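Engineer: Mind looking over this structure? Questions follow.
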Amino acid sequence: MNVFTAFMEKPENVRFATQEPGEKIIFVLRRHFITNFGWIFFSILGLILPVFYMQYSLDNPETMQFIPSNLENTFIIAWYVVDLIYVIERFITWYFNVYIVTDRRVIDIDFVPLFQKRISEATYANVEDTSFSMNNLFQTIFNYGDVFMQTAAEKREFDFHDVPNPSIVQDKISNLAAAAGNRGE
Amino acid sequence: MINNGGITDLSNLLDVLVNLSLFFLIVLYIIFSIIVLRQVFLMSDVIITGVNKYVKIFAFLNVVFSFLIAYFIFATLIF
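Structure (structure tokens):
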């Protein structure tokens, strides 16, 4: 397990705040790491754009001379600071948005930077129907997708978005819900 | 009509505005870093994994880095 792991099956050394005694974690899931491709691409673009600007500025000093050098330096520093803030914000959003499947319930931890977090859960007795979908080329190639659960709880829809191996996750949740139904929970 | 004194005044005003905007950006960055550090520690108690320590170290280094940037920029602005 490393910081970038998005699919953990029966992980060791993982616990969560509301875990009950004897409750076993089956899956800890995040969005597939490939879903971070967009912001990683733009932040790398953000890193190299000022280099192109400086190169252009050196090649064409007469064109760029109307911009004071201190303004130029300030703008470049500000650009890199904003880029760094963007990277940190996107990374911790991805890292702390976690879905947990235990032997008793499913838990959705939503983290919205910088001030909001929401934890929703549903027991298997409340899960009525499960399904999964893979909707585009990226999801098919990298084997990730959405898992949907219809519940009888207050929160009607329980969705895991862009999780790796959605068929395995859906199958396991379905089995656990069926077992809970057979026990009459 | 702008005389030379007017241009110098405008240039000084631009300098002050640029420095002020940089000052506020750095202050915002420091505040952001501290909020991120707090959030990382709070969320690490919600979902406890073996690798949270690396994210905590990263968030802490980010705060240190923000203060270092502030120090170097203010030193440049003042001197």
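Residue numbers (this note's numbering), protein chains in the order written: chain A, 899 to 1083; chain B, 692 to 770. The beta carbon of each residue, even a glycine, is placed where N, CA and C say it ideally should be. Predicted model only: the values in this text are computed from it and were never measured.
(1) Who are Met1047(A)'s beta bridge partners in DSSP?
(2) So, at 8 Å on beta carbons, what are the nonlocal neighbours of Pro948(A) in its own chain, with the 5 sequence-adjacent residues on each side left out?
(3) If you measure from the beta carbon of Asp736(B) to each beta carbon in chain A, is any gap under 9 Å?
(4) Closer than 7 Å, Cβ to Cβ, to anything on chain B: give me those residues from the segment 899 to 932 of chain A, in chain order.
(5) Would you list, in sequence order, the uninterrupted alpha helix (DSSP H) runs of no fewer than 4 residues that lie entirely inside the segment 934 to 1003 of chain A?
(6) Helix or strand or just coil, what does DSSP make of Lys747(B)?
(7) Does any C-beta atom of chain A lie closer than 9 Å to the C-beta of Val731(B)?
(8) On a CA-only basis, which of Thr972(A), Glu987(A), Thr991(A) and Trp992(A) is nearest Ser712(B)? Give me that one, please.
(9) Where Ile932(A) and Phe1040(A) are concerned, what is the direct C-alpha to C-alpha distance, given to the nearest angstrom?
(10) Using CA atoms only, rank isn't needed, just tell me which of Glu918(A), Gln1014(A) and Gln1048(A) is closest to Thr1028(A).
(11) Please list the residues of the segment 988 to 1004 of chain A that have a C-beta atom closer than 7 Å to any C-beta atom in chain B, keeping them in chain order.
(12) When you compare each of Val707(B), Ser757(B) and Leu768(B) to Leu982(A) by their alpha carbons, which one comes out closest?
(13) Which chain B residues sit within Cβ distance under 9 Å of Pro1011(A)?
(14) Would you say Phe751(B) faces chain A, with C-beta separation under 9 Å as the test?
Structural biologist: Considering the structure as presented:
(1) Thr1028(A) and Phe1056(A)
(2) Ile974, Trp977 and Tyr978
(3) yes
(4) Met899, Asn900, Val901, Asn911, Val912, Arg913, Phe914 and Ala915
(5) 935 to 957, 959 to 962 and 967 to 994
(6) helix
(7) yes
(8) Thr972(A)
(9) 8 Å
(10) Gln1048(A)
(11) Ile990, Tyr993, Phe994 and Val996
(12) Ser757(B)
(13) Ile726, Val727 and Gln730
(14) no
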